[in-house]
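**Student:**
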Amino acid sequence: MPLLEFTPEQAEALRKHMERAAAMWRRLAEVFREIARGLARTAMAVADFVQRQQTAPPAAGANPRPAWMSPYGPPQRGRHRRR
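Note that the working numbering numbers the sequence shown so that position 13 is 1508, with each residue one more than the last.
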């Protein structure tokens, strides 16, 4: 005895429902694809913006301060003076 026996009318109704469900899944997949494409475009635009905002690091060996400027601040007057 088969588990499922459909009348011709039931089989036709099932086929129509399955076609509608398949069409709905295709539409849903297309919507998700469009969302993913939009997210990818947005992520690429953000990455491009961030990259354009970054400045290049100084060249190797380049000192960003003038030669006369100490990295430790101005000299302290009166300290460590020998008299």
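Heads up, the beta-carbon is just placed ideally off N, CA and C, and yes, glycines get one too.
Does any CB atom of chain D fall closer than 7 Å to the CB of Arg1521?
**Tutor:** Although the question refers to chain D, the structure presented lacks it and comprises just one protein chain.
**Student:** Can you give the Cα-Cα distance for His1512 and Ala1540, rounded to whole angstroms?
**Tutor:** Locating residue 1512 in the sequence shown gives position 17, counting from the first residue. Locating residue 1540 in the sequence shown gives position 45, counting from the first residue. Approximately 42 Å between the Cα atoms of the pair.
**Student:** For Trp1520, name the three-state secondary structure that DSSP assigns.
**Tutor:** Start at 1 with the first residue of the sequence shown, and residue 1520 comes out as number 25. In the structure shown, Trp1520 sits in a helix (DSSP, three-state: H, G or I).
**Student:** According to DSSP, is Met1513 helix, strand or coil?
**Tutor:** Your numbering for residue 1513 matches position 18 in the sequence shown. DSSP places Met1513 in helix when its eight states are reduced to three.
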